[in-house]
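So the sequence shown is residues 307 to 678, counted in our numbering.
Here a beta-carbon is modelled for each residue, glycine too, at the ideal position from N, C-alpha and C.
Quick notes on the structure that follows.
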Amino acid sequence: MSAAAVLKSSKRQVLLCPGPVNLTPHVRSILAATEMCHREPEFIHLLQTIRAKLLHALGLDGRYAPVFFSGSGTAALEAAVLASLDSGRKLLVVNNGVYGSRIALAARIHQLGLTEIRSPLTEPPDLNRIAAALKRDSAIGTVAFVHHETSTGMLNPVEEIAALAKKYRRRLLVDAISSLGAERLDLSKLNVGLCVGSAAKSLHGAPGLSFVLVSQEEALRVAKLKPRSLYLDLAASLKTQEQGVTAFTPAVQLFAAFHAALDELLKEGLRLRIARYRQRAAFLRAGFKKLGFKFLLEDKQLSNTLTALWLPKGLAYPQLHDRLKRAGFVIYAGQSELKGKIFRVAHMGQLLQSDLKEFLKVLKEIKESIPT
Ligand SMILES: Cc1ncc(COP(=O)(O)O)c(C=O)c1O
């Protein structure tokens, strides 16, 4: 396929997958227009500006330090996992979905000490089992979990897990890749040491840029760690980025696009951005209910950004996906044991109310065409 053909095929589709997301025209124009060398003052200024704006947009000024990685969310996640433990200590992973499993997998691959507390995909974490493990096992140094488990759309009980980590004096690592920008998350109040985020979801940047927010207290500990990876070394990246430089060639276009996206977030304000996501969720969910779709989760478990729905009888996922795609909408499949059973509709990024209305209209037509 020629580059021109790729461009043609990427003509605006409404992305209802949980990233990559539709970008605003301004962010897209900055992405396309940026050309700069990362060793020149303009990039140093850009990096310093983004570091400050990210913290400011999230209300974290002076309390956290961001560390960027040119890589998707998993890159920052792996860097955070690697830096989350002093030697000989264990990670307790609270796992109720595909992304909880991913944290555990990173720990396993790097042969870090690991304990998992698993719950079924449609259930919230078992707080009693977490408390018991923390009480019993003094080798556990860090509790890690996913804030918004994107494989099901479940918003995990961050305050309750944080309270346990505080009670038993353990460090907290939160994967907030799909929730930062869309959900309330007071990192400092919850005493989160390491929080992982991505530019490419509810912060409205382009994919391939991720970051770890490191609390001031954690930064002091992390600085003393021996490197466990060359590229994903949180301590080394923190040190260099504090001086406005990156150790390796950064994805400069993605940084510039993220800067534009952060400006838009700062203009809107985090509170209003979250409210906008909540309104979209309410609008879509009222539509799904009206059309008779059954939800995977209970209402009280749902995030502001994604809804998982059971596939109705007589409608296979590929059929649903392809019909929606022909109409210009991209949805997401179920993962793991939910593959072929559910479909997921996210509403992150630059979407218009008319996009959501049109989506529900097409979904209605598809639903009504299922033979009974
Ligand atoms: C909660 C969560 N964690 C981790 C990831 C992995 O991020 P990426 O695909 O950007 O590496 C995702 C991706 O959707 C996610 O939603």
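Inset, instruction - Consult DSSP for His351 and reduce its assignment to one of helix, strand or coil. - result: Here DSSP, grouped into helix, strand and coil, assigns His351 to helix.
Inset, instruction - Tell me whether His454 counts as near ligand 1, meaning its Cβ is closer than 7 Å to at least one heavy atom of that ligand. - result: Within the cutoff, so yes.
Inset, instruction - Grab the span of the alpha helix (DSSP H) containing Ala482 for me, first residue to last. - result: Element bounds for Ala482: n/a, residue is neither H nor E.
Legend entry - Segments assigned alpha helix (DSSP H), at least 4 residues, entirely inside the region 498 to 577: Whole alpha helix (DSSP H) segments, 4+ residues: 522 to 528, 540 to 548, 558 to 574.
Inset, instruction - Closer than 6 Å by C-beta to Val449: which residues in its own chain qualify, once you throw out the five before and the five after it? Chain order, please. - result: Excluding residues within five positions, the ones whose Cβ falls inside 6 Å are Leu398, Ala471, Arg476, Leu478.
Legend entry - Backbone secondary structure at Thr340 - three-state DSSP: The three-state secondary structure of Thr340, taken from DSSP, is coil.
Inset, instruction - State yes or no: is the C-beta of Ile580 nearer than 7 Å to some heavy atom of ligand 1? - result: It does not: the Cβ of Ile580 is nowhere closer than 7 Å to a heavy atom of ligand 1.
Legend entry - beta-carbon Arg408 near ligand 1 non-hydrogen atom, thresh 7 Å: Taking 7 Å as the cut-off, the C-beta of Arg408 counts as close to a heavy atom of ligand 1.
Inset, instruction - Output the boundary residues of the beta strand (DSSP E) element that contains Tyr370. - result: Tyr370 -> beta strand (DSSP E) spans 370 to 376.
Inset, instruction - Measure the alpha-carbon distance for Glu384 versus Leu536 and round it to whole angstroms. - result: Using only the alpha carbons, I get a separation of about 12 Å.
Legend entry - Under 8 Å between C-beta atoms of Ser508 and Tyr583: When the beta-carbon positions are compared, Ser508 and Tyr583 come within less than 8 Å of each other.
Legend entry - Assigned exposure category for Phe554 - 16 Cβ within 10 Å defines buried: Exposed.
Inset, instruction - Would you check whether ligand 1 has a heavy atom nearer than 7 Å to the C-beta of Ile676? - result: No, ligand 1 has no heavy atom inside 7 Å of this Cβ.
Inset, instruction - Consider the C-beta atom of Gly655 and the heavy atoms of ligand 1; say whether any pair is separated by less than 7 Å. - result: Gly655 Cβ: outside cutoff for every heavy atom of ligand 1.
Legend entry - ligand 1 heavy atom lying under 7 Å from the CB of Gly365: The nearest non-hydrogen atom of ligand 1 is 7 Å or more from the C-beta of Gly365.
Inset, instruction - Output yes or no for whether 8 Å exceeds the beta carbon distance between Leu617 and Ile672. - result: Contact: no.
Legend entry - Cβ separation of Leu322 and Ala652, assumed to be a contact under 8 Å, to the nearest whole Å: Leu322 to Ala652, Cβ: 6 Å. Contact.
Inset, instruction - Evaluate the contact criterion for the region 645 to 661 versus the region 600 to 613: three or more CB pairs, one atom per stretch, below 8 Å. - result: Segments in contact, yes.
Legend entry - Three-state secondary structure (DSSP) of Asn328: Strand, per DSSP.
Legend entry - Ala358 versus Leu568: straight-line alpha-carbon distance, rounded: Their Cα atoms are separated by approximately 10 Å.
Inset, instruction - In angstroms with no decimal places, state the Cα-to-Cα distance between Gly459 and Val400. - result: Rounded to the nearest angstrom, the two C-alpha atoms are 16 Å apart.
Legend entry - Close beta carbons around Gln607, own chain, < 7 Å, minus the five adjacent residues each side: Pro430, Met460, Leu461.
Legend entry - Among Ala438, Leu364, Ile436, the one whose alpha carbon lies nearest that of Glu574: Checking every option, the nearest Cα to that of Glu574 belongs to Leu364.
Inset, instruction - Compute the minimum distance between the beta carbon of Thr380 and the heavy atoms of ligand 1, and state whether it is under 7 Å. - result: Yes, ligand 1 has a heavy atom inside 7 Å of this Cβ.
Inset, instruction - Report yes if the CB atom of Gly686 is closer than 8 Å to the CB atom of Leu329, and no otherwise. - result: Because the chain is modelled from 307 through 678, residue 686 falls outside the range shown and cannot be assessed.
Inset, instruction - Kindly indicate the opening and closing residues of the alpha helix (DSSP H) around Arg650. - result: Per DSSP, Arg650 belongs to no alpha helix (DSSP H); it is in the beta strand (DSSP E), 648 to 652.
Inset, instruction - Take Leu337 as the anchor and find which of Phe564, Ile580, Glu346, Thr613 has the nearest alpha-carbon. - result: Selected option, being the one with the closest Cα: Phe564.
Legend entry - Heavy atom of ligand 1 within 7 Å of Tyr583 beta-carbon: With a cutoff of 7 Å, Tyr583 does not count as near ligand 1, since its C-beta is closer than that to no heavy atom of the ligand.
Legend entry - As assigned by DSSP and simplified to three states, the class of Asn610: In the three-state reduction of the DSSP assignment, Asn610 falls in the coil class.
Legend entry - heavy atom of ligand 1 below 7 Å from Leu684 C-beta: The question about residue 684 has no answer here: the residues shown for the chain are numbered 307 through 678.
Inset, instruction - Could you say which of Leu590, Arg369, Leu666, Phe375 lies nearest to Gly503 if we only look at CA atoms? - result: Shortest Cα-Cα distance from Gly503 to any of Leu590, Arg369, Leu666, Phe375 involves Phe375.
Inset, instruction - Pull up the distance between the alpha-carbon of Lys595 and that of Leu630, whole angstroms please. - result: One C-alpha to the other measures close to 19 Å.
Inset, instruction - Would you mind reading off the limits of the alpha helix (DSSP H) that contains Gly406? - result: Boundaries of the alpha helix (DSSP H) harbouring Gly406: 404 to 415, taken from the DSSP string.
Inset, instruction - Measure the alpha-carbon distance for Asp628 versus Ser393 and round it to whole angstroms. - result: Whole-angstrom Cα-Cα distance: 49 Å.
Inset, instruction - Measure the beta-carbon distance from Ala588 to Ala371 and round it to whole angstroms, keeping in mind my assumption that it falls under 8 Å. - result: Actually they do not touch by this definition, with Cβ atoms about 36 Å apart.
Inset, instruction - Could you tell me the distance, in whole angstroms, from the CA atom of Gly511 to the CA atom of Ala592? - result: Take the alpha-carbon of Gly511 and the one of Ala592: they are about 28 Å apart.
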